[in-house]
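Here is the structure we will look at, set down as structure tokens.
2 protein chains.
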Amino acid sequence: MFSAEQLARGYRLACQAYPLSDVKVEVPPESLATPQRLSIEGQEIAVEIDPVVTSYEVHLPPPNLEDLRSDATRLQQALSELGVDGVRLPLTVLHQISERLRALDWRAQAVVREGEVVAILPLESRLLGLAVDIGTTKLAAYLLNLTDGETLAKAGEMNPQISYGEDVISRIAYCDQHPDGRQILRNRVVETLNRMIEGLCAEAGEIPEHVVEAVIVGNTAMHHLFAGLPVHQLGMAPYVPAVGEALDIPAHELGLHLAPGAYVHLPPNIAGYVGADHVAMAVATEVWQADKTMVALDIGTNTEITLAVEGRLLTCSCASGPAFEGAHIRDGMRAAPGAIERVQISRDEVRIFTIGNQPPVGICGSGILDAVAEMLNVGLIDNRGVFTGQHPKVAQQNGQSAFVLTPSEGTGQGKEVIVNRRDIHEIQLAKSAIRSGIEVLLEHAGITPDQVEGFIVAGAFGTYLNLESAIRIGMFLDLPRERFRQVGNAAGTGARQMLVSGKRRDVARDLVRRVEYIELTTHRDFQEVFMKALYF
Amino acid sequence: MFSAEQLARGYRLACQAYPLSDVKVEVPPESLATPQRLSIEGQEIAVEIDPVVTSYEVHLPPPNLEDLRSDATRLQQALSELGVDGVRLPLTVLHQISERLRALDWRAQAVVREGEVVAILPLESRLLGLAVDIGTTKLAAYLLNLTDGETLAKAGEMNPQISYGEDVISRIAYCDQHPDGRQILRNRVVETLNRMIEGLCAEAGEIPEHVVEAVIVGNTAMHHLFAGLPVHQLGMAPYVPAVGEALDIPAHELGLHLAPGAYVHLPPNIAGYVGADHVAMAVATEVWQADKTMVALDIGTNTEITLAVEGRLLTCSCASGPAFEGAHIRDGMRAAPGAIERVQISRDEVRIFTIGNQPPVGICGSGILDAVAEMLNVGLIDNRGVFTGQHPKVAQQNGQSAFVLTPSEGTGQGKEVIVNRRDIHEIQLAKSAIRSGIEVLLEHAGITPDQVEGFIVAGAFGTYLNLESAIRIGMFLDLPRERFRQVGNAAGTGARQMLVSGKRRDVARDLVRRVEYIELTTHRDFQEVFMKALYF
Chain R
3 MFSAEQLARG YRLACQAYPL SDVKVEVPPE SLATPQRLSI EGQEIAVEID PVVTSYEVHL
63 PPPNLEDLRS DATRLQQALS ELGVDGVRLP LTVLHQISER LRALDWRAQA VVREGEVVAI
123 LPLESRLLGL AVDIGTTKLA AYLLNLTDGE TLAKAGEMNP QISYGEDVIS RIAYCDQHPD
183 GRQILRNRVV ETLNRMIEGL CAEAGEIPEH VVEAVIVGNT AMHHLFAGLP VHQLGMAPYV
243 PAVGEALDIP AHELGLHLAP GAYVHLPPNI AGYVGADHVA MAVATEVWQA DKTMVALDIG
303 TNTEITLAVE GRLLTCSCAS GPAFEGAHIR DGMRAAPGAI ERVQISRDEV RIFTIGNQPP
363 VGICGSGILD AVAEMLNVGL IDNRGVFTGQ HPKVAQQNGQ SAFVLTPSEG TGQGKEVIVN
423 RRDIHEIQLA KSAIRSGIEV LLEHAGITPD QVEGFIVAGA FGTYLNLESA IRIGMFLDLP
483 RERFRQVGNA AGTGARQMLV SGKRRDVARD LVRRVEYIEL TTHRDFQEVF MKALYF
Chain C
3 MFSAEQLARG YRLACQAYPL SDVKVEVPPE SLATPQRLSI EGQEIAVEID PVVTSYEVHL
63 PPPNLEDLRS DATRLQQALS ELGVDGVRLP LTVLHQISER LRALDWRAQA VVREGEVVAI
123 LPLESRLLGL AVDIGTTKLA AYLLNLTDGE TLAKAGEMNP QISYGEDVIS RIAYCDQHPD
183 GRQILRNRVV ETLNRMIEGL CAEAGEIPEH VVEAVIVGNT AMHHLFAGLP VHQLGMAPYV
243 PAVGEALDIP AHELGLHLAP GAYVHLPPNI AGYVGADHVA MAVATEVWQA DKTMVALDIG
303 TNTEITLAVE GRLLTCSCAS GPAFEGAHIR DGMRAAPGAI ERVQISRDEV RIFTIGNQPP
363 VGICGSGILD AVAEMLNVGL IDNRGVFTGQ HPKVAQQNGQ SAFVLTPSEG TGQGKEVIVN
423 RRDIHEIQLA KSAIRSGIEV LLEHAGITPD QVEGFIVAGA FGTYLNLESA IRIGMFLDLP
483 RERFRQVGNA AGTGARQMLV SGKRRDVARD LVRRVEYIEL TTHRDFQEVF MKALYF
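As you go down the protein sequences, you meet chains R and C in turn.
Counting with our numbering, you get residues 3 to 538 for the letters of the first sequence.
Counting with our numbering, you get residues 3 to 538 for the letters of the second sequence.
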């Protein structure tokens with residue numbers, strides 16, 4: 003286990019590697035990162051760099067009274083001489099073309115994307131790309147050099163839409179209740195992204211006008227809200243997206259300040275509750291071409307799970323709820339300084355570890371997961387989650403048993419931090435949803451749990467969590483430990499891969515076409531499996 | 003000749019046929035319209051109706067838990083069943099798709115344009131189109147039924163950019179001097195067009211959301227200012243356009259309120275001072291396929307002239323100045339009520355006719371043209387434009403001779419209306435520019451004036467003017483009169499033709515590729531020809 007010091011150092015290191023704004027963002031301590039997590043990062047290098055944009059150096063003869071070609075035609079014909087025929091020039095590029103060509107003295111890089119000029123840049127400019135993962139809670143953005151795939155800068159911020167609803171459903175409700183709700187939520191996230199882009203570019207000594215391509219992933223609701231798409235139908239059965247396919251949308255149409263003709267690629271969604279972020283994760287972790295039987299999942303309010311087996315991809319989404327984000331837990335909180343994130347319980351004592359080594363102020367997802375697993379280990383609660391054992395730290399509160407992780411003395415907020423029966427029940431619901439999803443996929447594929455050869459856990463919480471605890475409470479399959487990989491923000495990695503590689507976008511499209519989506523709400527066995535999985 | 007009553011009636015009729023807002027717009031009195039003018043209108047009927055949009059009736063199965071396709075995929079697959087594969091859905095259409103399909107109970111018309119859905123309309127909706135001619139002075143807009151080519155409503159308004167400069171050059175200067183000048187000029191014309199669209203739709207009992215396609219023509223500067231393109235380089239030698247080719251731009255990107263995915267087609271420009279309006283005129287008048295030798299011109303501050311001869315198309319633009327719009331003329335004014343628009347001079351008297359039969363307040367282009375021609379006829383001025391003859395109406399003003407068209411008594415503004423030597427000189431400059439342009443084209447083609455078999459005069463002023471006067475002062479060639487056609491707003495007609503016919507757009511593209519543009523400013527003979535043409 004880790005000392006409080008180790009954890010604190012890990013957190014600081016993480017903060018350095020992953021610059022944060024003033025908001026609190028869940029960042030995995032480096033010391034908790036498994037080698038596998040790095041290997042996902044490592045795979046970036048293995049990805050072939052084949053960006054969808056190409057730069058051509060053009061030297062144009064200036065116009066004179068014997069050569070009256072328009073600026074656009076002049077550029078098009080120069081490109082044609084380089085073998086690039088019939089390129090289109092979008093209006094946003096035409097808006098600048100005349101000043102730009104003259105300012106650059108008729109020598110420039112023309113950046114071409116699928117037959118369209120997206121930017122006219124100085125000869126010495128680097129080609130930059132932007133990758134973003136729009137999480138319900140957090141935005142992660144990366145600035146890349148498109149030519150070599152290098153990540154030049156990273157940034158994380160809270161998703162500002164949180165002020166309009168903590169989760170997807172409440173944001174959809176906000177849009178339903180406010181005529182301009184969609185516009186407001188869209189604007190908020192776009193403003194934040196533009197600020198992040200400014201910051202990333204400043205950090206890399208660049209300007210947003212040189213960012214010629216972007217890839218943005220998110221769950222289906224975040225995808226729709228970002229693009230201003232209708233979300234009402236996402237909030238009610240049968241929960242269909244407005245659009246599933248990949249989209250390429252001019253950045254200016256989305257309100258993002260990049261190169262004038264830059265496009266934003268939005269990879270495809272699988273279903274109303276399995277979005278492009280899961281697709282990106284599947285791309286990055288390569289489950290799409292797994293020759294082994296693999297489970298890959300990303301735990302959140304909705305947990306998306308994909309099972310790869312014998313060339314098939316089975317996917318489902320389960321409503322695991324926000325308990326692991328600290329919601330619906332009496333003393334729950336997000337992973338932020340002061341959150342109890344590790345718990346060890348022995349016969350007579352409790353050890354807690356907090357993020358940043360701060361006085362405890364509450365408990366975050368990995369902490370509550372540990373607490374429940376440890377209470378099971380020492381026999382304090384039974385397989386129904388009921389307090390049955392004895393422990394000096396068990397107290398009675400309002401006639402109910404509760405486990406006191408830390409008394410009010412020494413806490414940051416002056417109140418004790420406890421885990422009660424209700425909290426345990428929330429964890430039961432969450433873990434049962436996830437386990438049931440896995441079980442249904444296995445059943446669909448006709449295989450048993452022990453046939454699963456790889457188990458990939460993505461996302462911030464998935465990286466934080468103590469694997470033993472997750473297995474102990476029955477959330478994950480009890481497989482040999484070497485089959486597990488905790489891979490961090492694989493969605494962000496997938497977005498970066500798709501940014502620098504057109505082939506990876508094809509992989510995503512192909513993957514979505516191949517996926518067999520299993521709708522759990524109508525699945526005949528789901529209720530039964532779920533009820534069974536409630537037990538520890 | 004026409005009586006004042008006839009003219010007044012003509013003006014009123016014109017106002018009925020061509021609804022005007024509260025601004026003064028030059029409208030040809032119907033009684034002055036030649037049959038040829040109508041035949042240009044008549045050619046619309048001869049144009050094959052092959053719009054670039056096609057409507058498909060779709061009946062979609064609503065989604066349910068067994069059929070979770072996204073709304074976009076649902077629509078795409080329904081179109082695919084009708085043989086329209088792989089259509090794209092632009093973001094603006096996706097923004098509405100979910101509400102729209104549900105509101106229409108999953109039965110709709112999908113309007114498709116070059117593989118893209120531009121609108122989802124109720125089954126019973128008509129497909130509408132918009133044609134606009136953006137003149138430097140006037141905007142003319144037409145609402146058409148795309149299915150049968152019928153013009154449902156027309157409107158004319160002043161170009162609001164006039165407040166920023168009467169002519170093209172002063173508007174370019176405004177943009178050069180104001181950082182947001184281009185944006186301001188763009189916004190003003192777009193706002194006015196949106197208001198006109200509202201009005202046209204209201205008149206036809208329609209809504210702008212059902213306008214699924216538009217064609218907009220204008221001279222190169224108006225084209226650039228409307229699309230927000232750079233104009234600085236248009237204002238200085240060698241006067242190259244930012245873009246010459248035809249453009250198809252989403253209406254929303256231009257700020258026009260039409261169907262969500264509607265496109266605006268901007269036909270190609272030939273040169274910095276020969277724009278898409280001249281191309282539209284050439285399309286409408288069919289000089290592009292003339293088997294006769296023909297001259298076609300549109301008189302304005304710049305007069306564009308095309309000579310069609312033996313399959314060749316030679317085009318030039320001459321700086322004829324604003325004299326025929328009433329500028330630089332002592333008592334000059336635009337064609338508006340009270341403008342003297344016809345003048346007859348005999349040995350001892352003068353007869354004047356005003357627009358709207360109002361008390362005279364000034365003289366417009368056709369009036370000053372008549373006045374000069376009549377002064378020549380009665381020998382009052384010589385071929386240099388110098389007053390040499392005697393007439394009771396000649397007075398001395400500031401030591402110079404001037405012809406008094408009407409004394410101050412009886413005028414609308416309480417001041418006499420005169421024509422002085424300086425005014426005559428302005429007309430000499432204008433007519434010489436136009437005549438020299440014609441001569442240079444003829445010389446280029448190696449033909450003599452009498453070989454010209456057709457002479458087409460387009461535009462509002464071209465329709466107003468007295469042909470005999472124009473020939474008398476040497477502005478036009480002295481050909482048998484039956485070879486002349488005054489065709490009214492042929493640019494507007496050409497725009498309407500291109501609106502309802504994709505083939506006509508191809509004609510325009512082909513025509514622009516074929517045109518041999520002659521730059522007069524560098525033409526070796528131009529100065530000489532011009533000096534000679536100054537004489538009457």
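Backbone N, C-alpha and C fix where the C-beta goes; we use that ideal spot for every residue, glycine too.
None of these values were measured; they are calculated from a predicted model.
Assigned secondary structure, residue i (DSSP; H/G/I helix, E/B strand, else coil)
i: Pro451(C); result: helix
i: Gln185(R); result: helix
i: Asn379(R); result: helix
i: Arg128(C); result: coil
i: Leu154(R); result: strand
i: Gln78(R); result: helix
i: Val245(C); result: coil
i: Phe538(C); result: coil
i: Asp372(R); result: helix
i: Met533(R); result: helix
i: Gln402(C); result: strand
i: Ala253(R); result: helix
i: Glu118(R); result: strand
i: Gln179(R); result: helix
i: Leu522(R); result: helix
i: Leu67(C); result: coil
Enclosing beta strand (DSSP E) for residue i [first to last residue]
i: Val54(R); result: No beta strand (DSSP E) contains Val54(R), which DSSP labels as neither H nor E.
i: Lys505(R); result: First-last for Lys505(R): 504-516, but that is the alpha helix (DSSP H), not the beta strand (DSSP E).
i: Arg344(C); result: 341-347
i: Ala216(R); result: 213-220
i: Asp279(C); result: Asp279(C) -> not in any beta strand (DSSP E); alpha helix (DSSP H) instead, spanning 278-287.
i: Met296(R); result: 296-300
i: Glu351(R); result: It is not in any beta strand (DSSP E) - Glu351(R) carries neither H nor E in the DSSP assignment.
i: Tyr144(R); result: 140-147
Test: residue i CB closer than 7 Å to a CB of chain C
i: Ser319(R); result: no
i: Val82(R); result: Before going further, note that residue 82(R) is Ser rather than Val in the sequence given. No, Ser82(R) does not count as interfacial toward chain C.
i: Ser72(R); result: yes
C-beta contact flag for residue i and residue j at 7 Å
i: Leu407(C); j: Val396(C); result: no
i: Val502(R); j: Gly151(R); result: yes
i: Cys320(C); j: Ile436(C); result: yes
i: Leu91(R); j: Val214(R); result: no
i: Asp279(C); j: Val219(C); result: yes
i: Val86(R); j: Thr138(R); result: no
i: Val54(R); j: Gly504(R); result: yes
i: Ala142(C); j: Val60(C); result: no
i: Pro269(R); j: Ala510(R); result: yes
i: Gln98(R); j: Pro262(R); result: yes
i: Gly364(R); j: Ala337(R); result: no
i: Asp250(R); j: Ala244(C); result: no
Continuous alpha helix (DSSP H) stretch holding residue i: start and end
i: Glu470(R); result: 469-474
CB contact check: residue i to chain R, cutoff 7 Å
i: Ser23(C); result: With a pLDDT of only 30 at Ser23(C), under the threshold of 50, the placement of this residue in the model should not be trusted; the figure read from the coordinates follows. Closer than 7 Å: no.
i: Leu96(C); result: yes
i: Val242(C); result: yes
i: Val245(C); result: yes
Closer than 6 Å: residue i CB and nearest the ligand PLP heavy atom
i: Pro232(R); result: Looking at this structure, you won't find the ligand PLP or any other ligand, since it has none at all.
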